[in-house]
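Undergrad: This structure is in structure tokens; I'll ask about it shortly.
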Amino acid sequence: MTARSLSGIQPSGRLHLGNYFGAIRQHIAKQDDAFYFIANYHAQTTVFDAETLRRYTLETAASYLALGLDPERATLFRQSDVPQVTELMWLLTSVTGKGLLDRAVSYKDRVAQGVTPSLGLYMYPVLMAADILAYDSDIVPVGSDQVQHIEMCRDMAGSFNNRYGDTFKIPDYEIGTPVPVKGVDGRKMSKSYDNTIPIFDTAKALKKKVMSITTDSKGLDEPKDPDTCNVFDMYKLMASEEELETMAANYRRGGYGYGAAKKELLRLINETFGDATERYFALLNTPDDIEDALQKGAEKARAAATKVLNRARAASGL
Ligand code: TRP
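Position 310 of the sequence shown, counting from 1, maps to 311 under this note's numbering, and the rest follow consecutively.
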């Protein structure tokens, strides 16, 4: 039996190149027998408008499908289509010390950023633990910012198993090779900095974003340093060795302006994501197809979660 890998994606905005090179690409590369879900319960801690949440959820599903997630190979579903996880969350609360949640870095960060702390935000790690344990997951591929949450999940599963006997499989995490992606202003690409390049966009909007990438003010004729340039940095994410060498040589020689470099970057982004972009917009025009894929995934996910939930209910005296 292959190890089951599971990960959740928050539908909290439009997916951008940072998300793609940081996580989505790895998810899609390892999709056989994987469970991926759109964490819309979790997103309710930050997205407060119902229509917006529905739209982000659909767009996130369309993105994964357009980028090559095959619903025959992986199980793709909406978190809220498996309400079993919310009951499992309750069963975990009584084995979870309040002190454990008080130590959650993500919660403390949010509060430090001025977010009004809701109980939902506080309980975030317990819901996340339920997500993971509900499917007997072996491996959770996550970014390094989520490691503490997985440790907490292991903690909760261990406490439950101690109190009630062996019930949950203890998961491991896997941190992919982090690929730092810079935004148009040279800082880390992030929705909160408003410096992202969306994976899917209209040609016009994409061009505008690429042309807005910050560079130094060297003139056309001057030689330029590829290693300190934001345009070159982004080019590296997608370019072949040969393309990279050519661009680097152009920079160093001089007579090659940032405008030309940006046009070349734009060409490469279109080459990399053009077909997926067409699929993405076509899918959004046929939301029933997206829904079909999600429902198929939800059926499989519910079956798996029901088994685990029944085990946990019985073990704990319900
Ligand atoms: N907290 C995760 C993030 O923001 C999303 C998530 C929710 C998740 N539940 C999960 C990831 C379960 C892995 C496993 O990235």
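For each residue, glycine too, the CB sits at the ideal point set by N, CA and C.
1) Quick test of the definition: if touching needs 3 or more C-beta pairs under 8 Å, does the stretch 266-273 touch the stretch 232-251?
2) Looking at C-alpha atoms only, which residue of Leu16, Phe49, Gln11 and Arg5 is the closest neighbour of Phe36?
3) Find the nearest neighbour of Gly144 within the set Asn231, Phe22, Gly318 and Leu269, judged by alpha-carbon distance.
4) How many Å lie between Lys264 and Arg15 at the Cα?
5) Hey, would you say the C-beta of Met129 is under 6 Å away from at least one heavy atom of the ligand TRP?
6) Have a look at Val48 and Thr215 and give me their C-alpha separation to the nearest angstrom.
7) What residues in its chain sit with their C-beta under 6 Å from that of Leu285, if we drop five residues either side in the sequence?
8) Let me know if Tyr194 comes out buried or exposed under the rule of 16 or more other beta-carbons within 10 Å of its beta-carbon.
9) Are there any heavy atoms of the ligand TRP lying less than 6 Å away from the beta-carbon of Gln11, as far as the coordinates show?
10) At the level of alpha carbons, what is the spacing between Val106 and Val127?
11) Check this for me: beta carbons of Met153 and Val96, under 7 Å apart or not?
12) Is Ile133 near the ligand TRP, going by C-beta to nearest heavy atom under 6 Å?
13) Please return the same chain residues whose Cβ sits closer than 6 Å to the Cβ of Tyr165, not counting the five positions on each side in sequence.
14) Would you say the stretch 161-176 touches the stretch 82-100, given that touching needs at least three Cβ pairs under 8 Å?
15) Using beta-carbon positions only, say whether Thr53 and Leu122 come within less than 7 Å of one another.
16) Does the distance from the C-beta atom of Pro12 to that of Ala44 stay below 7 Å?
17) Is any heavy atom of the ligand TRP found at a distance shorter than 6 Å from the C-beta of Ser81?
18) Quick one: is the Cβ of His43 within less than 6 Å of any heavy atom of the ligand TRP?
19) Hey, could you find the ends of the alpha helix (DSSP H) Ser107 is sitting in?
20) Taking just the CA atoms, how far does Asp202 sit from Glu73?
21) Evaluate Leu269 with the Cβ neighbour count: other Cβ atoms within 10 Å of its Cβ, from every protein chain shown; 16 or more gives buried, anything less gives exposed.
22) Taking all protein chains shown into account, decide if Phe282 is buried (16 or more other Cβ within 10 angstroms of its Cβ) or exposed.
23) Return the chain-ordered ranges of every beta strand (DSSP E) run that is complete within the stretch 134-181 and spans a minimum of 3 residues.
24) Please identify the residue among Ile151, Val180 and Asp167 whose C-alpha is closest to the C-alpha of Asp173.
25) Classify Ala306: buried if its beta carbon has 16 or more other beta carbons within 10 angstroms, exposed otherwise.
TA: Per the coordinate set shown:
1) yes
2) Stepping through the sequence shown from its first residue, residue 36 is reached at position 35. For the residues Leu16, Phe49, Gln11 and Arg5, the minimum Cα distance to Phe36 belongs to Arg5.
3) Within the sequence shown, the letter at position 143 stands for residue 144. The candidate whose alpha carbon is nearest that of Gly144 is Phe22.
4) In the sequence shown, counting from the first residue as 1, residue 264 sits at position 263. In the sequence shown, counting from the first residue as 1, residue 15 sits at position 14. Cα to Cα, the separation comes out at about 23 Å.
5) Along the sequence shown, one-based indexing puts residue 129 at 128. Met129: yes, Cβ under 6 Å from the ligand TRP.
6) Locating residue 48 in the sequence shown gives position 47, counting from the first residue. Locating residue 215 in the sequence shown gives position 214, counting from the first residue. If you take the alpha carbons of Val48 and Thr215, they lie about 30 Å apart.
7) On the sequence shown, position 284 is the one that residue 285 refers to. Counting only Cβ-Cβ distances below 6 Å, and skipping sequence neighbours, we find Ala63.
8) Within the sequence shown, residue 194 is the residue found at index 193, counting from 1. With fewer than 16 Cβ atoms within 10 Å of its Cβ, Tyr194 is classed as exposed.
9) Looking up residue 11 in the sequence shown gives position 10. Yes; taking the cut-off as 6 Å, the Cβ of Gln11 has a heavy atom of the ligand TRP nearer than that.
10) On the sequence shown, residue 106 is found 105 positions in, with the first residue counted as 1. On the sequence shown, residue 127 is found 126 positions in, with the first residue counted as 1. Cα to Cα, the separation comes out at about 14 Å.
11) Taking the sequence shown and counting its residues from 1, the one referred to as residue 153 is at position 152. Taking the sequence shown and counting its residues from 1, the one referred to as residue 96 is at position 95. Not in contact: Met153 and Val96 (Cβ atoms no closer than 7 Å).
12) Here residue 133 refers to the residue found at position 132 when the sequence shown is read from its first residue. Under cutoff, so the answer is yes.
13) Residue mapping note: residue 165 aligns to position 164 of the sequence shown, counting from 1. So the qualifying residues of the chain are Ala316 and Ser317.
14) yes
15) As a first step, residue 53 is located in the sequence shown; it is residue number 52 there, counting from the start. As a first step, residue 122 is located in the sequence shown; it is residue number 121 there, counting from the start. Cβ atoms of Thr53 and Leu122: not closer than 7 Å.
16) Counting from 1 along the sequence shown, the entry for residue 12 is found at position 11. Counting from 1 along the sequence shown, the entry for residue 44 is found at position 43. Yes, the Cβ-Cβ distance between Pro12 and Ala44 is below 7 Å.
17) Counting from 1 along the sequence shown, the entry for residue 81 is found at position 80. Checking every heavy atom of the ligand TRP against the Cβ of Ser81, none is found closer than 6 Å.
18) Numbered from 1 along the sequence shown, position 42 holds the residue referred to as residue 43. At least one heavy atom of the ligand TRP is nearer than 6 Å to the Cβ of His43, so yes.
19) On the sequence shown, position 106 is the one that residue 107 refers to. First-last of the alpha helix (DSSP H) with Ser107: Val106 to Ala113.
20) Walking along the sequence shown from the start, residue 73 turns up at place 72. Walking along the sequence shown from the start, residue 202 turns up at place 201. Spanning the two alpha carbons is a distance of roughly 27 Å.
21) Your numbering for residue 269 matches position 268 in the sequence shown. Looking at its Cβ environment, which holds 16 or more other Cβ atoms inside 10 Å, Leu269 is buried.
22) What you label residue 282 is simply residue 281 of the sequence shown in a count that begins at 1. Looking at its Cβ environment, which holds fewer than 16 other Cβ atoms inside 10 Å, Phe282 is exposed.
23) 140-143 and 173-176
24) Looking up residue 173 in the sequence shown gives position 172. Asp173 has its Cα closest to that of Ile151, out of Ile151, Val180 and Asp167.
25) Mapped onto the sequence shown, residue 306 falls at position 305. By the neighbour-count rule (16 or more Cβ atoms within 10 Å), Ala306 is buried.
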